[in-house]
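Residue numbers (the numbering used here): 346 to 828.
Backbone N, C-alpha and C fix where the C-beta goes; we use that ideal spot for every residue, glycine too.
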RNA sequence: CGGGAUGUGGCGCAGCCUGGUAGCGCACCUGACUGGGGGUCAGGGGGCCGCCGGUUCGAAUCCGGCCAUCCCGACCA
């Protein structure tokens, strides 16, 4: 029995042995995604796509609730349009895919495959906006984008990826700033409530901010290998794009002014984030809110089980579905119950229900949690209240566990020696005072591989010197090695 | 984009050094017995050896190019 268990485990590399290998094994074995013939591109398989769809729904609800409407802009953008904003094009130029030919004809003007849509949306906003009465414009787009990446990994960094990009235009700087922060808050709420992924909010340093933005805000999560993952970004674009795309409006005081804009995005990268936040050596662990199947029912096959057990299993399924639970009844005859247990654990289903002759006799079902593996008998007539309660408990416990891990892996120091030792030995977030100088930031990166993930929103007072140089510290920064 | 490694049925690998008609485990198909933590037995199917070219009577094996993947670094959601 121990031998069998051992043989099974070799299908997934243990996390402690090689985390990145573990990650790839989970992606493949849980059938989340597969490789394509083109470098850096990925096929999102149905099970992985179902997770993304649940994320989309949860995000889209929040966007609608904050007054945003969905729209769609084209995949192709003329080169000249992208070139209008200098910092923007400089930021993206190395990552852009070009279309130079249509059919047999060479195009007169090259097209870029959108790496993001600020340019085309800015152009359209210029047409649509005349007066302060047209503002604010609050749009979101669900789309694919392409960035030519040198190093790629499924979900975490792919050449083509799926995301949403919100684009808003406002009358005042204050409103735009408010919007950028509001959406950052939406992202934090989404990550923590739906993905059970605790995040740190903050502002990006100058060198890490979005090309063309005034401010970039981000939420940063800590993965199971103690490296940080940028989980979402929200940009206050100021009037940078408005000026180059000539997005003007007549204000209440009759003057003509440029609009103030924001943009914000989250991507399929989050699927990778969920895997690396919660998974263990047996595979995926999905938070119930984004689990395609929240419950898997495994009937115990014995004798003429199709007459004795299956009807009970089907009744369980029907009741749970009626109660709003996403259920998979695994009635396959070709696999043993034990095989199914292992398989659905690998695929991260939060709760397993077993029903067999003994349970039917006792009017109960056996439940097993994926995260703790705790088993408990649930009285048959309490099913539709107990199961949703269990799912909610798992959702909360996963978040608490991830937050505990994050907090355990967060340290404070003002000593560079200690800083380096931490990044070397037991990394995670390190909160340290920083002088605000980009050269110092770059040196820290060279010397320790750690980057400023972001700068806490309410940093409070900082005294003393920068963690690395002697200059006075201007603020606290979250440092980490990152994806 | 540099350094290193890999590419052989779905997955994991052996074979390559020393060229001679491709093998193992798991998975898969059929049947029987089984079934509460990856069952047993019997029978069976499946491979352009990543792609293109070269050397050779003959290439999975030797040589060159390309593509892809992985790991470590420089750039990025």
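key: Exposure of residue 809, with buried meaning 16 or more beta-carbon neighbours within 10 Å   = Start at 1 with the first residue of the first chain, and residue 809 comes out as number 464. Looking at its Cβ environment, which holds fewer than 16 other Cβ atoms inside 10 Å, residue 809 is exposed.
message = Using the three-state DSSP reduction, which class does residue 797 fall into: helix, strand or coil?
response = Walking along the first chain from the start, residue 797 turns up at place 452. Strand, per DSSP.
query = Can you pull the DSSP bridge partners for residue 476?
reply = Taking the first chain and counting its residues from 1, one reaches residue 476 at position 131. Residue 476 pairs with 595.
query = Do the segment 756-763 and the segment 631-646 make contact, defined as three or more Cβ pairs closer than 8 Å?
reply = In short, these stretches do not touch, since the Cβ pair count stays below three.
Residue 381 classed as buried or exposed, judged by whether at least 16 other C-beta atoms fall within 10 angstroms = Start at 1 with the first residue of the first chain, and residue 381 comes out as number 36. So residue 381 ends up on the exposed side.
inquiry  = Looking at the strands, I want to know which residues DSSP matches up with residue 827.
reply    = In the first chain, counting from the first residue as 1, residue 827 sits at position 482. Answer is 573.
Presumed contact (8 Å Cβ cut-off) between residue 412 and residue 501, rounded CB distance = Counting from 1 along the first chain, the entry for residue 412 is found at position 67. Counting from 1 along the first chain, the entry for residue 501 is found at position 156. Actually they do not touch by this definition, with Cβ atoms about 32 Å apart.
message = Do residue 711 and residue 691 have their beta-carbon atoms positioned less than 8 Å apart in this structure?
response = Start at 1 with the first residue of the first chain, and residue 691 comes out as number 346. Start at 1 with the first residue of the first chain, and residue 711 comes out as number 366. Going by C-beta atoms, residue 691 is not nearer than 8 Å to residue 711.
key: Euclidean distance between Cα positions of residue 475 and residue 590   = Here residue 475 is taken as the residue at index 130 of the first chain, counted from 1. Here residue 590 is taken as the residue at index 245 of the first chain, counted from 1. Distance between the alpha carbons of residue 475 and residue 590 is about 14 Å.
DSSP-derived helix/strand/coil call for residue 513 = Sequence index remark: in the first chain, residue 513 carries index 168 (1-based). Looking at residue 513 - three-state DSSP - the assignment turns out to be strand.
message = With DSSP as the reference, identify every bridge partner of residue 608, one or two as the case may be.
response = The sequence position of residue 608 within the first chain is 263, counting from 1. DSSP, once it has assigned bridges, lists 512, 580 as partnering residue 608.
DSSP three-state assignment for residue 456, whether helix, strand or coil = Here residue 456 refers to the residue found at position 111 when the first chain is read from its first residue. Note: residue 456 maps to strand in three-state DSSP.
Inter-residue spacing [alpha-carbon to alpha-carbon] between residue 658 and residue 706 = Taking the first chain and counting its residues from 1, the one referred to as residue 658 is at position 313. Taking the first chain and counting its residues from 1, the one referred to as residue 706 is at position 361. Answer to the nearest angstrom: the Cα atoms are 14 Å apart.
Separation of residue 561 from residue 818, as counted between CA atoms = One-based indexing of the first chain puts residue 818 at position 473. One-based indexing of the first chain puts residue 561 at position 216. Looking at the two C-alpha atoms, the distance is approximately 21 Å.
message = I'd like the list of long-range same chain contacts for residue 371, defined as Cβ closer than 7 Å, with 5 residues on each side in sequence excluded.
response = As a first step, residue 371 is located in the first chain; it is residue number 26 there, counting from the start. Correct list, in chain order: 357, 620, 624, 628, 629.
Bounding residues of the alpha helix (DSSP H) (the contiguous stretch that carries residue 391) = As a working mapping, residue 391 is identified with position 46 in the first chain. Note, residue 391: alpha helix (DSSP H), 391-410.
ask   = Using the rule of at least 16 other Cβ atoms within 10 Å of the residue's Cβ for burial, across every protein chain shown, is residue 496 buried or exposed?
value = Your numbering for residue 496 matches position 151 in the first chain. It counts as exposed.
ask   = When DSSP labels each residue in this structure, what does residue 808 get in the three-state scheme?
value = Locating residue 808 in the first chain gives position 463, where the first residue counts as 1. If DSSP states are grouped into helix, strand and coil, residue 808 belongs with coil.
ask   = Taking 7 Å as the line, does the beta carbon of residue 590 fall inside it for any heavy atom of the ligand HEM?
value = Of ligands this structure carries none, so the ligand HEM is not represented either.
request  = Using a threshold of 8 Å, state whether the C-beta atoms of residue 822 and residue 777 are closer than that.
outcome  = Sequence index remark: in the first chain, residue 822 carries index 477 (1-based). Sequence index remark: in the first chain, residue 777 carries index 432 (1-based). Residue 822 is a Cβ neighbour of residue 777, given a cutoff of 8 Å.
inquiry  = Please state whether the Cβ-Cβ distance between residue 468 and residue 532 is less than 8 Å.
reply    = Here residue 468 refers to the residue found at position 123 of the first chain. Here residue 532 refers to the residue found at position 187 of the first chain. The answer is no: Cβ separation not under 8 Å.
ask   = Do you know offhand how far residue 812's Cα is from residue 521's?
value = Counting from 1 along the first chain, the entry for residue 812 is found at position 467. Counting from 1 along the first chain, the entry for residue 521 is found at position 176. Distance between the alpha carbons of residue 812 and residue 521 is about 33 Å.
inquiry  = Check for me: the beta strand (DSSP E) holding residue 530 runs from which residue to which?
reply    = Against the first chain, residue 530 aligns to sequence position 185. Where residue 530 is concerned, there is no enclosing beta strand (DSSP E), although the alpha helix (DSSP H) it sits in stretches over 518-538.
request  = Just mark residue 402 as buried or exposed, buried being the case when its beta carbon has 16 or more other beta carbons within 10 Å.
outcome  = Numbered from its first residue, the first chain carries residue 402 at position 57. That one is exposed.
task = Report buried or exposed for residue 510, applying the criterion of at least 16 other Cβ atoms within 10 angstroms of its Cβ.
result = What you label residue 510 is simply residue 165 of the first chain in a count that begins at 1. Classification for residue 510: buried.
query = What separation, rounded to the nearest whole angstrom, lies between the Cα atoms of residue 464 and residue 422?
reply = Against the first chain, residue 464 aligns to sequence position 119. Against the first chain, residue 422 aligns to sequence position 77. Here the alpha carbons of residue 422 and residue 464 stand approximately 8 Å from one another.
ask   = Taking residue 458 as the reference, which of 471, 694, 448, 419 has the closest Cα?
value = Numbered from 1 along the first chain, position 113 holds the residue referred to as residue 458. Of the candidates 471, 694, 448, 419, the residue whose Cα lies closest to the Cα of residue 458 is 419.
request  = Scan the segment 685-717 and note each continuous beta strand (DSSP E) run of 3 residues or more that stays entirely inside, going in chain order.
outcome  = Scanning the segment 685-717 for uninterrupted beta strand (DSSP E) segments of 3 residues or longer gives 696-700, 709-714, listed from N- to C-terminal end.
ask   = What three-state label does DSSP hand residue 774 in the structure shown?
value = For this step, residue 774 is matched to residue 429 along the first chain. Strand, per DSSP.
message = Does the contact criterion of 3 or more C-beta pairs under 8 Å hold for the segment 566-577 versus the segment 737-756?
response = yes
First through last residue of the beta strand (DSSP E) which encompasses residue 488 = Residue mapping note: residue 488 aligns to position 143 of the first chain, counting from 1. Where residue 488 is concerned, the enclosing beta strand (DSSP E) stretches over 482-491.
query = Is residue 502 helix, strand or coil by DSSP?
reply = For this step, residue 502 is matched to residue 157 along the first chain. In the structure shown, residue 502 sits in a strand (DSSP, three-state: E or B).
ask   = In whole angstroms, what is the alpha-carbon distance linking residue 664 and residue 696?
value = Working through the first chain from its first residue, we reach residue 664 at position 319. Working through the first chain from its first residue, we reach residue 696 at position 351. Taking the straight line joining both Cα atoms gives about 16 Å.
query = Cα-Cα, which of 738, 797, 649 is closest to residue 774?
reply = Counting from one through the first chain, the residue named residue 774 turns up at place 429. With distances taken between Cα atoms, residue 774 lies closest to 797.
message = Is it buried or exposed, residue 788, if we count other Cβ atoms within 10 angstroms and call 16 or more buried?
response = Translated into the one-based positions of the first chain, residue 788 becomes position 443. That one is exposed.
ask   = Hey, how far is the Cα of residue 470 from the Cα of residue 593?
value = Reading the first chain from its first residue, position 125 is the one you call residue 470. Reading the first chain from its first residue, position 248 is the one you call residue 593. Roughly 9 Å separates the two Cα atoms.
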